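2 is the number of the first residue of the sequence shown in this note's numbering; add one for each residue after it.
In this text, a Cβ means the ideal position worked out from N, Cα and C, and glycines have one as well.
Only a predicted model underlies this, so the values are computations on that prediction, with no experimental measurement involved.
Accompanying notes for the structure given below.
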Amino acid sequence: MSAESPDRQLGTKAPDHDLRMALGVVPVFVLTLPAILAAVIWLRPTPPPGRWDEVAARLGIDPSQLVLGEVTFRNTCALCHGRDANGMPRLGKPLRNSEFVQSHKDDELLQVVLRGRLPSDPANTTGAAMPPRAGNPALAEDRIRNVIYYLRTLQEPGAPYANLDAWIVDTAALAATGLGGIGHETFIAACSACHGPNAEGMEGLGKPLGTSSFVASKTDAELMAFIKTGRPIWDADNTTGVDMPPKGGNPALSDEELKTIIGYLRALHEQAGGPSN
2 MSAESPDRQL GTKAPDHDLR MALGVVPVFV LTLPAILAAV IWLRPTPPPG
52 RWDEVAARLG IDPSQLVLGE VTFRNTCALC HGRDANGMPR LGKPLRNSEF
102 VQSHKDDELL QVVLRGRLPS DPANTTGAAM PPRAGNPALA EDRIRNVIYY
152 LRTLQEPGAP YANLDAWIVD TAALAATGLG GIGHETFIAA CSACHGPNAE
202 GMEGLGKPLG TSSFVASKTD AELMAFIKTG RPIWDADNTT GVDMPPKGGN
252 PALSDEELKT IIGYLRALHE QAGGPSN
């Protein structure tokens, strides 16, 4: 019988050698693993406190509620009050360092948001309507409360109150012109975010309508159809690059309400003596 070749002898012995090596490493790994983990935990830096941890603790809420409040504010309220809550002239007042926010309790602020504030409200000094629930009927109370908690984070201790001069209008004078009625209120609620509270236009958003040659050139029926259709950004006649949604983004507007808006625009044109653009 022939002797085994060296290659075959090596092939039969190698697995035994590897097994012994592996079995020797396992105990070492098991013994040193706790020490390695302890070192990693000890050396790991302590994370800095969260952005709103201190405020959340003071309010007795979870910091995640402030994060959600900021998201809701920017998606729902920022159009009128500004992304950083510094206000939009002739629309929503500043809510950062706001005397109104600081002087009202959470439940009181909640009721203001739930009810809204029409231009006819004596407490409304801007002439701009604040629709109930910021114009979103589906906005739940818990989300509104999160927004209120978020507003608390914007009140800087010791800082002066935000100046409101740019948000004070003479509502009595406006009413005396005959332009402060229901048509204006409906316009404010549906159109002012882009076209301004008095249809004077908003830079980078909606064009002026009070002296618009486009408005003057259309019949009431044509304006009604236009408002119902809107003007998307891909429309060749859209020169602003801003989408005009059907009915100003409020599908609940009735034909009667649209007629009051058109009547308000006609009154503006009559007061101005005709179109200027």
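- Taking every protein chain shown into account, the CB of N76 has fewer than 16 other CB atoms within 10 angstroms, so this residue is exposed.
- For E100, the enclosing alpha helix (DSSP H) has its first and last residue at 100-103.
- Less than 8 angstroms divides the Cβ of V56 from the Cβ of L67.
- Within the region 163-231, complete alpha helix (DSSP H) segments of at least 4 residues are found at 172-177, 183-196, 214-218, 221-230, given in chain order.
- Looking only at H270, C81, R146, G184, the smallest Cα-Cα distance to S218 is reached by H270.
- Within the same chain, and ignoring the five residues on either side of N87 in sequence, the residues whose Cβ sits closer than 6 angstroms to its Cβ are P95, R97.
- By the neighbour-count criterion, in which a residue is buried when 16 or more other Cβ atoms sit within 10 angstroms of its Cβ, T73 is buried.
- By the neighbour-count criterion, in which a residue is buried when 16 or more other Cβ atoms sit within 10 angstroms of its Cβ, N147 is buried.
- For a cut-off of 8 angstroms, the C-beta gap from L110 to I169 is around 21 angstroms, too long to register as a contact.
- Under the DSSP definition of a beta bridge, R118 partners with M131.
- Sorting G264, E201, P247 by C-alpha distance to the C-alpha of T220 places G264 at the top.
- M245 is bridged by DSSP to R232.
- Taking a 10 Å sphere around the C-beta of P123, we find fewer than 16 other C-beta atoms and assign the residue as exposed.
- For T261, the uninterrupted alpha helix (DSSP H) segment begins and ends at 256-273.
- Close CB contacts of L224 within its chain, under the 6 angstroms cut and outside five residues either way in sequence, are with I263 (chain order).
- Rounded to the nearest whole angstrom, the CA to CA distance from Q156 to G197 is 27 angstroms.
- When DSSP states are grouped into helix, strand and coil, N147 belongs to the helix group.
- Per DSSP, E55 is one residue of the alpha helix (DSSP H) stretching across 54-60.
- Contact between A194 and L80 holds, with the beta-carbon distance rounding to 5 angstroms and staying under 8 angstroms.
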